[in-house]
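**Student:**
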Amino acid sequence: MTFIVGMVSQKGGVGKSTLARMMAREFVAGGLATKIADLDTQQQTCTNWAGRRAENDIEPEIQVQSFASVKSALEEAGRFDALLLDGKPNASDQTVEIAKASDLVVIPTGQTVDDLHPGVVLAHSLRKKGISPETIAFAMFKITGSERENAAAREYIAQAGYMVLDGEISVSTAYGSASDQGKAITETSFRTLNERASKLAQSVIDRIAELQERKVA
Ligand SMILES: Nc1ncnc2c1ncn2[C@@H]1O[C@H](COP(=O)(O)OP(=O)(O)OP(=O)(O)O)[C@@H](O)[C@H]1O
Ligand SMILES: [Mg+2]
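Number 146 in this note's numbering belongs to position 145 of the sequence shown; there are no gaps in the numbering.
1. Considering Cα atoms alone, identify which of 202, 167 and 32 is closest to residue 61.
2. CB-CB under 7 angstroms to residue 59, same chain, minus the five flanking residues each way: which ones, in chain order?
3. Report the three-state DSSP secondary structure of residue 35 (helix, strand or coil).
4. Quick check: the Cα distance between residue 115 and residue 77, rounded to an integer number of angstroms?
5. What does residue 7 pair with, by DSSP beta-bridge criteria?
6. So that I know if they touch, is there some Cβ in chain B lying closer than 7 angstroms to that of residue 62?
7. Here's a check: name, in chain order, each residue in its chain whose Cβ is nearer than 7 angstroms to the Cβ of residue 89, leaving out the five neighbours to either side.
8. Under a three-way DSSP split, which group does residue 182 fall into?
9. Of the residues 215, 173, 216 and 23, which one's Cα is nearest the Cα of residue 107?
10. Which residue's Cα is closest to the Cα of residue 28: 13, 69, 4 and 18?
11. If the criterion is Cβ atoms closer than 7 angstroms, does the pair residue 109 and residue 166 meet it?
12. Which partner residues does residue 144 have in the DSSP bridge list?
13. Check the C-beta distance from residue 127 over to residue 100 and give it rounded, since I have them as a contact under 8 angstroms.
14. For residue 137, write down the residues that DSSP places opposite it in a beta bridge.
15. Apart from the five residues just before and just after residue 189, which ones in its own chain have a Cβ nearer than 7 angstroms to its Cβ?
16. Check whether the Cβ atoms of residue 75 and residue 34 sit closer than 7 angstroms, and answer yes or no.
17. Might you give, ordered along the chain, the residues of its own chain that have their beta carbon closer than 7 angstroms to the beta carbon of residue 51, omitting 5 neighbours on each side?
18. Should residue 93 be counted as a contact of ligand 2 given a C-beta to heavy atom distance under 6 angstroms?
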């Protein structure tokens, strides 16, 4: 069975592609046949990143393919254990298609209300279109605030009826430069940063396992 994880957002630049690359790297390292479907045909962020990764001989190799539609991305999904759908910058019809195809939909968000509000609005709109709220999870990304601000942000999302994944990704030039070199954010030169990113990746994996158990039960 293929597990499909979709990365979506209302706002652009929140961390969808960074998250897709990290999860792909962790799945591959865990022995899963994985592919990123890069649905952002304009920017091709993940596709270009995979090129830099290959040029810099970074192992493990990560498969990324660009697709014009979710439908075509799903055609060969059965060949993989995990498929990551990396969406376009802003919410569109494609966002709903990604959410419908995904077993888990991840919405990355910063910790300010400016970021949280559009994320929650998007989650509500997906719910209205038939997506189960259980399959929606927020990831705290590019955060700059204190512990207290982060706790308040988590509370905001929980109050809105959605789960927030454990772990959070702070703003760091080391994360940016890892991406520049074709690395995932679990592969920076700093162990603490890698461990923090791993915590979020593990939380995604745990949530997938939880949802799969519920499906079987
Ligand atoms: N934790 C971080 N610290 C610093 N820079 C980051 C961090 N995470 C991501 N970035 C940078 O922020 C930018 C946006 O990230 P990313 O491309 O993952 O977001 P996105 O949601 O996919 O954007 P888009 O909506 O344009 O597709 C990139 O330049 C990325 O390298
Ligand atoms: Mg992107």
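Note that the Cβ used here is the ideal one computed from N, Cα and C, for glycine as well.
If you're wondering where the values come from, they're calculated on a predicted model, not measured in any experiment.
**Tutor:** Put simply:
1. Sequence index remark: in the sequence shown, residue 61 carries index 60 (1-based). It is 32.
2. By one-based count along the sequence shown, residue 59 stands at place 58. Cβ neighbours of residue 59 beyond the five flanking positions: 183 and 184.
3. Along the sequence shown, one-based indexing puts residue 35 at 34. In this structure, residue 35 counts as strand in the three-state DSSP scheme.
4. Sequence index remark: in the sequence shown, residue 115 carries index 114 (1-based). Sequence index remark: in the sequence shown, residue 77 carries index 76 (1-based). Using only the alpha carbons, I get a separation of about 38 angstroms.
5. The residue given as residue 7 occupies position 6 in the sequence shown. In the DSSP output, where bridge partners are listed per residue, residue 7 has 86 and 106.
6. The chain inventory of the structure shown lacks chain B, comprising one protein chain alone.
7. Locating residue 89 in the sequence shown gives position 88, counting from the first residue. Only 40, 41 and 95 meet the Cβ criterion.
8. Residue numbering aside, residue 182 sits at position 181 when the sequence shown is read from its first letter. DSSP places residue 182 in coil when its eight states are reduced to three.
9. Sequence index remark: in the sequence shown, residue 107 carries index 106 (1-based). The shortest Cα separation from residue 107 among 215, 173, 216 and 23 belongs to 23.
10. Along the sequence shown, one-based indexing puts residue 28 at 27. Nearest option by C-alpha distance: 4.
11. Here residue 109 refers to the residue found at position 108 when the sequence shown is read from its first residue. Here residue 166 refers to the residue found at position 165 when the sequence shown is read from its first residue. Going by C-beta atoms, residue 109 is not nearer than 7 angstroms to residue 166.
12. On the sequence shown, residue 144 is found 143 positions in, with the first residue counted as 1. According to DSSP, residue 144 bridges with 171.
13. By one-based count along the sequence shown, residue 127 stands at place 126. By one-based count along the sequence shown, residue 100 stands at place 99. Correct: roughly 5 angstroms between the Cβ atoms.
14. Counting from 1 along the sequence shown, the entry for residue 137 is found at position 136. According to DSSP, which records beta bridges pairwise, residue 137 is partnered with 106.
15. Against the sequence shown, residue 189 aligns to sequence position 188. Closer than 7 angstroms at the Cβ level, and outside the excluded window around residue 189, lie 175, 176, 179 and 195.
16. Walking along the sequence shown from the start, residue 75 turns up at place 74. Walking along the sequence shown from the start, residue 34 turns up at place 33. Cβ atoms of residue 75 and residue 34: not closer than 7 angstroms.
17. Taking the first residue of the sequence shown as 1, we reach residue 51 at position 50. Hits under 7 angstroms: 63 and 65.
18. Your numbering for residue 93 matches position 92 in the sequence shown. Not so, every heavy atom of ligand 2 lies at least 6 angstroms from the Cβ.
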